[in-house]
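Trainee: When you number the sequence shown by the UniProt record's numbering, it's gap-free, plus one each residue, and the end is 336. All C-beta atoms, glycine included, are put in the ideal place defined by N, C-alpha and C.
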Amino acid sequence: MAPFPCLPFFTTTKSKTTSNCIPIEQFCHRFSLAELQAATNGFKPSLIVSEEGQCQVYKGHLKGHGDVAIKHFKTRSPAYDIEFRVEVKILCQLHHPNIVPLVGFCEHKNDKFVVYDYVSNGSLYDCLHGTNNNGGVPLSWIQRLNICIGVARGLHYIYFETKIPIMHRAVKSSNVLLDHNLVPKVADFGLCKKHPQEESRPKPPRVELRENLEVSLEYLEPEYFMTARLSDKSDVYSFGVVMLEILCRKKACFLTPSGDCEYLVKWAFDDERKGVFEKIVDPSLIGKIAPACWEVFIEIVQRCLASVEERPTMGEVTMVLENAFLLQREQMCEGV
1 MAPFPCLPFF
11 TTTKSKTTSN
21 CIPIEQFCHR
31 FSLAELQAAT
41 NGFKPSLIVS
51 EEGQCQVYKG
61 HLKGHGDVAI
71 KHFKTRSPAY
81 DIEFRVEVKI
91 LCQLHHPNIV
101 PLVGFCEHKN
111 DKFVVYDYVS
121 NGSLYDCLHG
131 TNNNGGVPLS
141 WIQRLNICIG
151 VARGLHYIYF
161 ETKIPIMHRA
171 VKSSNVLLDH
181 NLVPKVADFG
191 LCKKHPQEES
201 RPKPPRVELR
211 ENLEVSLEYL
221 EPEYFMTARL
231 SDKSDVYSFG
241 VVMLEILCRK
251 KACFLTPSGD
261 CEYLVKWAFD
271 DERKGVFEKI
281 VDPSLIGKIA
291 PACWEVFIEI
301 VQRCLASVEE
311 RPTMGEVTMV
321 LENAFLLQRE
331 QMCEGV
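(1) Roughly how many angstroms separate the alpha carbons of residue 337 and MET314, rounded to a whole number?
(2) For SER46 and LYS71, I'd like the C-alpha separation in whole angstroms.
(3) Please name the residue, chosen from CYS248, ILE166, PHE31, that lies closest to SER234 on a Cα-to-Cα basis.
(4) Classify ASN110 as buried or exposed, calling it buried when 16 or more other Cβ atoms lie within 10 Å of its own Cβ.
(5) Taking all protein chains shown into account, do 16 or more other C-beta atoms lie within 10 angstroms of the C-beta of GLY190, making it buried, or fewer, making it exposed?
(6) How should PHE225 be labelled, buried or exposed, when 16 other C-beta atoms within 10 angstroms of its C-beta is the threshold for buried?
(7) Note down, in chain order, each residue of its chain lying with its Cβ closer than 7 Å to the Cβ of LEU124, except the 5 sequence neighbours on either side.
(8) Return yes when the C-beta of ARG229 is under 7 Å from any heavy atom of the ligand FMN, and no when it is not.
(9) Suppose only complete runs of 4+ residues qualify. What are the alpha helix (DSSP H) ranges in the stretch 224-262, listed by chain order?
(10) Mapping DSSP to helix, strand and coil, what is HIS72?
(11) Start and end of the beta strand (DSSP E) containing GLY60?
(12) If contact is defined by three or more beta carbon pairs under 8 Å, each pair taking one atom from either stretch, is the stretch 318-326 in contact with the stretch 271-288?
(13) Rounded to the nearest angstrom, what separates ALA38 and HIS65 at their Cα positions?
(14) If you pair each beta-carbon of the stretch 102-119 with each one of the stretch 73-92, do three or more pairs fall below 8 Å?
(15) Can you tell me whether DSSP reads residue 398 as helix, strand or coil?
(16) Find out if the Cβ-Cβ distance for the pair GLU221, TYR237 is shorter than 8 Å.
(17) According to the Cβ coordinates, are VAL137 and VAL119 closer than 8 Å?
(18) Taking just the CA atoms, how far does VAL241 sit from SER216?
(19) Count the other CB atoms, across all protein chains shown, that sit within 10 Å of the CB of GLU83; report buried if there are 16 or more and exposed otherwise.
(20) In chain order, what residues of the same chain have a beta carbon less than 6 Å from the beta carbon of HIS168, not counting five sequence neighbours either side?
(21) Taking just the CA atoms, how far does VAL296 sit from HIS108?
(22) Less than 8 Å between the C-beta atoms of ILE149 and LEU321, yes or no?
(23) Counting C-beta neighbours from all protein chains within 10 Å, is the total for ALA228 16 or more, i.e. buried, or is it exposed?
(24) Can you check whether the CB of LEU305 is closer than 8 Å to the CB of VAL265?
Structure below.
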């Protein structure tokens, strides 16, 4: 099957009927509600592994498949119906080691579910800021670099290696899942959007978000607040925030000791801290980052957070991060 045969269904924010689309049953396996109830002991509350917005994610076990994550769309609004269908139709056609694998879906009356492979280490957000971080041991710098590289490869894949380039539009640490080997899997494709086929990949037109889109402001590029539009370079900016979050081990928006809300980008690059390694890096990494690696890494972070015209492509980001990884490994070898 050719990639994205039904993409016109979600190319615009305006409502469209589904009559011109291939039924989603033809994209992937459809589960019955009874199968998902059995997999989750009747959607037992203790099996909820995450909850964000109008969605709950349960850990379940499907006979013949194993552990799965089951995302339940709790709302019945048309916007979330579109999000559900977009996520199913895109994920069933994306096959990459850094994209969360889709198992199937369930649509029963007003209840809608998306079923994925279960990713055992939870989200990057939880691993950095929560309680599942290897028993409280911070991630090493090599582990963090590998995570950055994997996420960059996944984002590069959906934009440059699919038939039709796609923007994710919700790049944030909570939408990066980590498997048992800490391999990152980009997740939550319900808000993504394709670019028109007639446009060139490097400079597609900027597109508008749905009016009722729930966004995480701390990951949004500054230009959004003036134009209310996003582009592929918006994902690059958001990934820059994620990289900074990984480096500093601070939330993208956090409370200061005085109780004020502080954005990580502003905090890390204010006059007091800009360029000062010890003032922004996670204390557990002090003395463990090779100077050459640090220079390459912080430069690509700053470029991702620059104005739209100055931001690199995700392919360039990937290559720079791979170089930073090699520089780090070189110093580790020299120290042996």
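Mentor: Walking through what the data contain:
(1) Within the shown structure, residues of the chain are numbered from 1 to 336, placing residue 337 beyond reach of any answer.
(2) 15 Å
(3) ILE166
(4) exposed
(5) buried
(6) exposed
(7) ILE147, SER173, VAL176, LEU178, PRO184
(8) By its list of ligands, the structure shown contains no ligand whatsoever, and the ligand FMN lies outside what it can speak to.
(9) 224-227, 232-248
(10) strand
(11) 55-62
(12) no
(13) 13 Å
(14) yes
(15) For the chain, the structure presents residues 1 to 336; residue 398 sits outside this window and is missing.
(16) yes
(17) no
(18) 12 Å
(19) buried
(20) CYS192, ASP235
(21) 50 Å
(22) yes
(23) exposed
(24) yes
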